[in-house]
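Peer 1:
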Amino acid sequence: MPPKKELPKETFTPIINVTIDKEDFTHAGEASSQIKERLLKLGYSPQAIRRVAIASFEAELNIVIHSLGGEIEAAIRPQTVRIIARDRGPGIEDISKAMQKGFSTAPPHIQQMGFGAGMGLPNIEHCCDEFQIQSKPGEGTTVTMVIREAR
Amino acid sequence: MESSHSVGLDRDRCVGCTTCIKTCPTQAIRVKKGKARIMEDRCIDCGECIRVCPKYAKIAITQPLEVIRKFRYPVALVSPSLYGQFPLSIDIDTILSGFLELGFKRVIEVARGAEYMGHFINEYLKNVPSPRPVISSVCPAVTRLIRVRFPELAEHVLPIAQPMEIMGKLVRDRMNREGYPPGEVGIFYISPCTANVTASRNPIGFDTRVIDGAIAISEIFWPLYNIVKGLKESDVITRAGSKGIRWAAIGGQAKSLEDRYQSLAIDGLDHLVEVLESLSMGRLQGVDFIEAMACTGGCVGGPLNIENPYVAKEIIRQRCKAKIEKPFDELEDTYTWQDFQWKAPLGRQESLLLDSKPEVAMLKMEAVDDILKKLPGMDCGACGAPNCRTLAEDIVQDQADQMDCIFVFRERVASLAEDMIRISRKLPTALPQKDEDE
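What follows is the structure, encoded as structure tokens:
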């Protein structure tokens, strides 16, 4: 065993950082897969793993479908996961509309592929213990998700 | 200590190559001291290593035919994969009759169990509001894979005994009622795969076993064939219809479902892992049922068969072309899926956890990341672990050493060699110095 270290208090050090390209459906899920694998090895409950998997994947998909490209950053602690999904644009015009179930701005060719049903952001919020979304049209969007192990 | 697994090693044949360690779906194999070793808490008995070993060193641990003599009333519980091993010129009744000549007192078809199960799946889908898609419990390698790698999907798994167990229970009950002393009835599953050999000993969802042993199809085929090719009359009439026999190949279960259900039929563990990852992340909405089989082709692709799985699959299809139906009788109609429901939930197997305490697991994970930075990232397998990350984990768990990595080892040797050269050129200043040319 390596020498003991103190876990940093109150700080989240990102240990996963995956870049996501626009419209790259082939690799969508890569970040979520990595996060899930870690949580499995850390002994997270199946329920928490499922919530993280769904929230993280929806966030990845949003970057793929709607943005010019972005990244997923995950910081993992023994009982809390914080995931930040950031993209470079185009930004969300009306956040309250985007949070409505069924509302989607996905272009037709994406909807034909079976994506863009308008449930992404509501699903993410439903899975998270803390959820925050910030966006500026022309600049980009950041979604911050915190999921806790319920004990 | 006797292993509860059905995959073993012929040590004389194993050369310690890296083939099996890389194909294992749970990274359960390591090469230590030149031989492959299976980590028992990770092995799911899928038999993939048996399939890929180039030296035929990986073997299935099954019982020899002679074991049936220990019982006065041995019963053969036959997998429908067997019907795909014989040419079409030999009909199923004849194949089954051959078992009586081999010494079995009764022969029971798992294909009939498959027909019950098809009925149970439809009942379950209709009446139970469990998460969709429901994942079939027919393949024990799949259910074990989910316990180890996808515990978050445990509630999707159909909590019903597989056809082999259904028939095992039924024949045991029936023979008890007919007055046969239980200790003298030996039920032997004729198996296409290692996963079912293990499941016959350690059933998922139940504490007690009903099956006494498993004999590989590969073991029984030639004795059976020699009898069967000369059989003029069949004493046994098959009781299973085409629907049940069809389950021997991938797609069979999906065909037993009512039309309105959407189902996927997936064979091969690597494909299955992709689909399960997808499901885990919230995809596959609208799918009601997943038929998931670890072996390519379905059960006819199991490692204990003798015929090529594609040939066997076609033989099964030909045997089922006539679409023979054998309806349930009055007694059979009384069975419900609850009669065969699991007594215990699937749960999870914590083999992949770094530690049972989350804080310690976190520290170990950070240690793994640190060590990984010092490893070359080639995933070559020379250290005996399937990839660099796994070696890093083994090191943190005190099961391996950084010097097991051949690249780390060489760097150390090079660095030591440089030190040696440097030191060899320096003499203590008190002594006369050598000329630099020498």
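Order-wise, the sequence lines are chains A and B.
Under the numbering used here, the very last position in the first sequence is 268; numbers go up by exactly one each time.
Under the numbering used here, the very last position in the second sequence is 456; numbers go up by exactly one each time.
C-beta atoms are modelled at their ideal positions from N, C-alpha and C, and glycine is treated no differently.
Quick caveat: nothing in here was measured; it's all calculated off a predicted structure.
Taking 8 Å as the CB-CB cut-off, is M380 (chain B) touching chain A?
Peer 2: M380 (chain B) counts as touching chain A.
Peer 1: Name the DSSP bridge partner or partners of D204 (chain A)?
Peer 2: For D204 (chain A), which the question treats as bridged, DSSP gives the partners A:G187.
Peer 1: Counting only Cβ pairs nearer than 7 Å, list the residues of chain A close to L371 (chain B).
Peer 2: Neighbours of L371 (chain B) on chain A, chain order: K158 and G160.
Peer 1: Taking K153 (chain A) and V169 (chain A) to be in contact with their CB atoms under 8 Å, please state how far apart those CB atoms are, rounded to whole angstroms.
Peer 2: K153 (chain A) to V169 (chain A), Cβ: 7 Å. Contact.
Peer 1: Pull up the distance between the alpha-carbon of Q271 (chain B) and that of E309 (chain B), whole angstroms please.
Peer 2: Rounded to whole angstroms, Q271 (chain B) to E309 (chain B) spans 6 Å at the Cα level.
Peer 1: Can you find the residues in the same chain that come closer than 6 Å, C-beta to C-beta, to I2 (chain B), ignoring five residues on each side of it along the sequence?
Peer 2: Outside the displayed range of chain B (19 to 456) lies residue 2 (chain B), so it cannot be described from this structure.
Peer 1: With DSSP as the reference, identify every bridge partner of Y207 (chain B), one or two as the case may be.
Peer 2: DSSP, once it has assigned bridges, lists B:L95 and B:A232 as partnering Y207 (chain B).
Peer 1: Looking at the C-beta of A46 (chain B), does it have a partner C-beta in chain A at a distance below 8 Å?
Peer 2: So, not an interface residue.
Peer 1: Taking the straight line between their C-alpha atoms, what separation do you get for I222 (chain B) and V318 (chain B)?
Peer 2: In a straight line, the C-alpha of I222 (chain B) is about 22 Å away from that of V318 (chain B).
Peer 1: Hey, is A172 (chain B)'s beta-carbon within less than 8 Å of any beta-carbon in chain A?
Peer 2: It does; some Cβ of chain A falls within 8 Å.
Peer 1: First and last residue of the alpha helix (DSSP H) that includes R443 (chain B)?
Peer 2: Its alpha helix (DSSP H) spans residues I424 to R443.
Peer 1: In its own chain, which residues sit with a C-beta less than 7 Å from the C-beta of E208 (chain A), not counting the 5 before and 5 after it?
Peer 2: For the sequence presented, residue 208 (chain A) should be read as Gly rather than Glu. Closer than 7 Å at the Cβ level, and outside the excluded window around G208 (chain A), lie S252, K253, P254, G255, E256, G257 and T258.
Peer 1: Going straight from the alpha carbon of D253 (chain B) to that of D109 (chain B), what length do you get?
Peer 2: Using only the alpha carbons, I get a separation of about 12 Å.
Peer 1: At 4 residues or longer, what runs of the alpha helix (DSSP H) sit wholly inside the stretch 209-245 of chain A?
Peer 2: Taking only runs of at least 4 residues, the alpha helix (DSSP H) segments lying wholly in the stretch 209-245 of chain A are 212-215, 225-229 and 237-244.
Peer 1: With a cut-off of 8 Å on the beta carbons, I'd call I229 (chain B) and L95 (chain B) a contact; round off their distance for me.
Peer 2: Going by Cβ atoms, the distance from I229 (chain B) to L95 (chain B) rounds to 7 Å, so yes, they are a contact pair.
Peer 1: Between B:S24, B:L449, B:Q451 and B:P450, which lies nearest to I233 (chain B) when the distance is taken from Cα to Cα?
Peer 2: Nearest option by C-alpha distance: B:S24.
Peer 1: With DSSP as the reference, label S374 (chain B) as helix, strand or coil.
Peer 2: If DSSP states are grouped into helix, strand and coil, S374 (chain B) belongs with coil.
Peer 1: Could you check whether I133 (chain A) and V181 (chain A) sit closer than 8 Å to each other, using their CB atoms as the reference points?
Peer 2: Against a cut-off of 8 Å, the Cβ pair of I133 (chain A) and V181 (chain A) comes out as no contact.
Peer 1: Give the DSSP-derived three-state secondary structure of S22 (chain B) in the structure shown.
Peer 2: In the structure shown, S22 (chain B) sits in coil (DSSP, three-state: anything other than H, G, I, E or B).
Peer 1: Using C-beta distances below 7 Å, list every residue in its chain close to P163 (chain A), excluding the 5 sequence neighbours before and after it, in chain order.
Peer 2: Here the set comprises nothing.
Peer 1: Could you tell me the distance, in whole angstroms, from the CA atom of K361 (chain B) to the CA atom of F224 (chain B)?
Peer 2: Using only the alpha carbons, I get a separation of about 6 Å.
Peer 1: In chain A, which residues lie with their C-beta within 8 Å of the C-beta of S281 (chain B)?
Peer 2: Those within 8 Å of S281 (chain B) in chain A number zero; the least Cβ separation is about 18 Å.
Peer 1: Within this structure, are the beta carbons of S149 (chain A) and S173 (chain A) separated by less than 8 Å?
Peer 2: Yes; because the gap between Cβ atoms is below 8 Å, this pair is in contact.
Peer 1: Can you tell me which of B:Q367, B:D306 and B:F138 puts its alpha carbon nearest to the alpha carbon of Y279 (chain B)?
Peer 2: Of the listed residues, the one whose Cα sits closest to Y279 (chain B) is B:D306.
Peer 1: What residues in the stretch 283-315 of chain B bring their beta carbon closer than 9 Å to a beta carbon of chain A?
Peer 2: So the close ones are E295, S296, S298, M299, G300, R301 and Q303.
Peer 1: Considering only residues of the same chain and omitting the five flanking positions on each side of I113 (chain B), which have a CB-CB separation below 7 Å?
Peer 2: Result list for I113 (chain B): L100, Y101, F104 and V246, in chain order.
Peer 1: Quick one: Cα of K121 (chain A) to Cα of T130 (chain A), how far?
Peer 2: Per-residue confidence for K121 (chain A) stands at a pLDDT of 48, beneath the threshold of 50, marking its modelled position as unreliable; the derived number appears in the next sentence. Approximately 18 Å, taken between the alpha carbons.
Peer 1: Suppose you measure from the CA of V426 (chain B) to the CA of G399 (chain B); what does that come to, to the nearest Å?
Peer 2: The alpha-carbon atoms of V426 (chain B) and G399 (chain B) are separated by roughly 13 Å.
Peer 1: Restricting to Cα atoms, I'd like to know which of B:Q180, B:V128, B:E295 and B:N145 is closest to I263 (chain B).
Peer 2: When each option's Cα is compared against that of I263 (chain B), the closest is B:V128.
Peer 1: Using three-state DSSP, classify F239 (chain B) as helix, strand or coil.
Peer 2: Of the three classes helix, strand and coil, the one that applies to F239 (chain B) here is helix, per DSSP.
Peer 1: Taking all protein chains shown into account, decide if L106 (chain B) is buried (16 or more other Cβ within 10 angstroms of its Cβ) or exposed.
Peer 2: Exposed is the call here.
Peer 1: Alpha carbon to alpha carbon, how far is S433 (chain B) from V33 (chain B)?
Peer 2: Distance between the alpha carbons of S433 (chain B) and V33 (chain B) is about 31 Å.
Peer 1: Between the alpha carbons of P363 (chain B) and M396 (chain B), how many angstroms are there, rounded?
Peer 2: Between P363 (chain B) and M396 (chain B), the C-alpha separation is close to 40 Å.
Peer 1: Would you tell me roughly how many angstroms separate the C-alpha atoms of P125 (chain A) and A192 (chain A), rounded to the nearest one?
Peer 2: Its pLDDT being 44, under 50, P125 (chain A) is placed unreliably by the model, and the measurement read from it follows with that caveat. Looking at the two C-alpha atoms, the distance is approximately 12 Å.
Peer 1: Can you list the residues of chain A that R366 (chain B) reaches, using a CB-CB cut of under 7 Å?
Peer 2: Ordered by position in chain A, the residues that pass the 7 Å Cβ test against R366 (chain B) are P163.
Peer 1: In whole angstroms, what is the alpha-carbon distance linking A132 (chain B) and N145 (chain B)?
Peer 2: Each residue's Cα considered, the two are about 20 Å apart.
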